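S.K.:
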Amino acid sequence: PEHADGARRLSSITASVTILVGMLIAAPLLNLACTKQERVTRLATKPLVTPAVFETGKRLYEKQCAVCHGVTGSGNGPAAYLLYPKPRDFTQGEFRLVSTDTMQATDEDLFLTVTRGMPGSAMPPWELLSPEQRWALVYYVRYLEEVGEEQRSGVLTEAEVVQGLPWSKVERLVTAHAAEQPLPLPS
Numbered sequence: 013p014e015h016a017d018g019a020r021r022l023s024s025i026t027a028s029v030t031i032l033v034g035m036l037i038a039a040p041l042l043n044l045a046c047t048k049q050e051r052v053t054r055l056a057t058k059p060l061v062t063p064a065v066f067e068t069g070k071r072l073y074e075k076q077c078a079v080c081h082g083v084t085g086s087g088n089g090p091a092a093y094l095l096y097p098k099p100r101d102f103t104q105g106e107f108r109l110v111s112t113d114t115m116q117a118t119d120e121d122l123f124l125t126v127t128r129g130m131p132g133s134a135m136p137p138w139e140l141l142s143p144e145q146r147w148a149l150v151y152y153v154r155y156l157e158e159v160g161e162e163q164r165s166g167v168l169t170e171a172e173v174v175q176g177l178p179w180s181k182v183e184r185l186v187t188a189h190a191a192e193q194p195l196p197l198p199s
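Take any residue in the sequence shown, count from 1 to its spot, add 12: that is its number in the numbering used here.
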């Protein structure tokens, strides 16, 4: 009798775990059928860049992205050697999924890539994050991109970045691409 109760409890726990895992796998797939209008609405909620939003992006990046993309965004995280294709090097400012005729990614392009993931790569969709969290990641990726550019051109040193930049400089780096406009969505 004791073994039967234990077996029933184990069977019940196994079933519960199986259902939970199934829900976690299925949840992102339920959002894949969003309409163009929903995407436009989500993009319209782009928050202003503030120190709090930037810190949220930094924290999320360090927790979710740095293992592949590296702490500095150079595409050299501890798991990068296991992945093909290799993770994007954000410091180079070259992105694959763009909507502009100049081939420069807009913030909206980056937001949609974070949301949908990168097809044909190990990067998953991050739809489970709130739109505000995804925008925070976009701002942090922009920061890494611009820091890389300024380090290559000699404007910034690694020591300055490690020490921490003043908010005015961080804000300038994050918003450097704000004027770029995506191509209109097809109707």
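By construction, the Cβ of each residue, glycine as well, lies at the ideal position given by its N, Cα and C atoms.
Predicted model only: the values in this text are computed from it and were never measured.
Alpha carbon to alpha carbon, how far is threonine 62 from tyrosine 152? Give it in angstroms, no decimals.
M.R.: Going by the C-alpha atoms only, they are around 11 Å apart.
S.K.: If glycine 69 sits next to alanine 148, beta carbons under 8 Å apart, how far is it from one beta carbon to the other, in whole angstroms?
M.R.: Their Cβ separation, rounded to whole angstroms, is 3 Å, which keeps glycine 69 and alanine 148 in contact under 8 Å.
S.K.: If distances are taken between C-alpha atoms only, which option among Leu156, Ala188, Val186 and Arg184 comes closest to valine 174?
M.R.: That would be Leu156, whose Cα lies nearest to the Cα of valine 174.
S.K.: Per DSSP, what kind of secondary structure is glutamine 116 in: helix, strand or coil?
M.R.: In this structure, glutamine 116 counts as coil in the three-state DSSP scheme.
S.K.: Measure the Cβ-Cβ separation of proline 59 and glutamate 161 and say whether it is below 8 Å.
M.R.: Their beta carbons are not under 8 Å apart, which means proline 59 does not touch glutamate 161 by this criterion.
S.K.: Of all the options Trp179, Leu185 and Arg184, which has the alpha carbon lying nearest to the alpha carbon of alanine 64?
M.R.: The option with the nearest alpha carbon to alanine 64 is Trp179.
S.K.: Write down the C-beta distance between serine 111 and aspartate 121 rounded to the nearest angstrom, noting that I regard them as a contact closer than 8 Å.
M.R.: Contact flag correct, Cβ pair sits at about 5 Å.
S.K.: Tell me whether threonine 47 is buried or exposed, calling it buried when 16 or more other Cβ atoms sit within 10 Å of its Cβ.
M.R.: Because threonine 47 carries a pLDDT of 42, less than 50, the predicted location of this residue cannot be relied on, and no value is offered for it.
S.K.: With hydrogens ignored, establish whether the beta-carbon of glutamate 157 is closer than 7 Å to any heavy atom of the ligand ATP.
M.R.: Ligands are entirely absent from the displayed structure, and the ligand ATP is therefore not among its contents.
S.K.: Looking only at its chain, what residues have a beta carbon closer than 6 Å to the beta carbon of proline 97, apart from the 5 residues adjacent to it on each side?
M.R.: So the qualifying residues of the chain are Ser133.
S.K.: Between the Cα of alanine 190 and the Cα atoms of His81, Ala117 and Val167, which residue gives the shortest distance?
M.R.: The shortest Cα separation from alanine 190 among His81, Ala117 and Val167 belongs to Ala117.
S.K.: If we ignore side chains and look at the alpha-carbon of each, how far apart do histidine 81 and methionine 115 end up?
M.R.: Their backbone Cα atoms lie some 21 Å apart in a straight line.
S.K.: Could you name the residues of the same chain whose beta carbon sits closer than 7 Å to that of proline 136, not counting the 5 residues immediately before and after it, in chain order?
M.R.: So the list reads Gly129, once near-sequence residues are dropped.
S.K.: With a threshold of 8 Å on Cβ separation, who are the neighbours of glutamine 163 within its own chain once the five nearest residues in sequence on each side are excluded?
M.R.: Here the set comprises Thr103, Thr169, Glu170 and Val173.
S.K.: For cysteine 80, report the span of its alpha helix (DSSP H) as first-last.
M.R.: Looking at the DSSP string, the run of the alpha helix (DSSP H) that includes cysteine 80 is 78-81.
S.K.: The alpha helix (DSSP H) spanning phenylalanine 107 covers which residue range?
M.R.: Run containing phenylalanine 107: none; DSSP gives neither H nor E here.
S.K.: For valine 186, name the three-state secondary structure that DSSP assigns.
M.R.: Here valine 186 sits in helix by DSSP.
S.K.: How long is the line joining the alpha carbons of asparagine 88 and aspartate 101, rounded to whole angstroms?
M.R.: Rounded to whole angstroms, asparagine 88 to aspartate 101 spans 8 Å at the Cα level.
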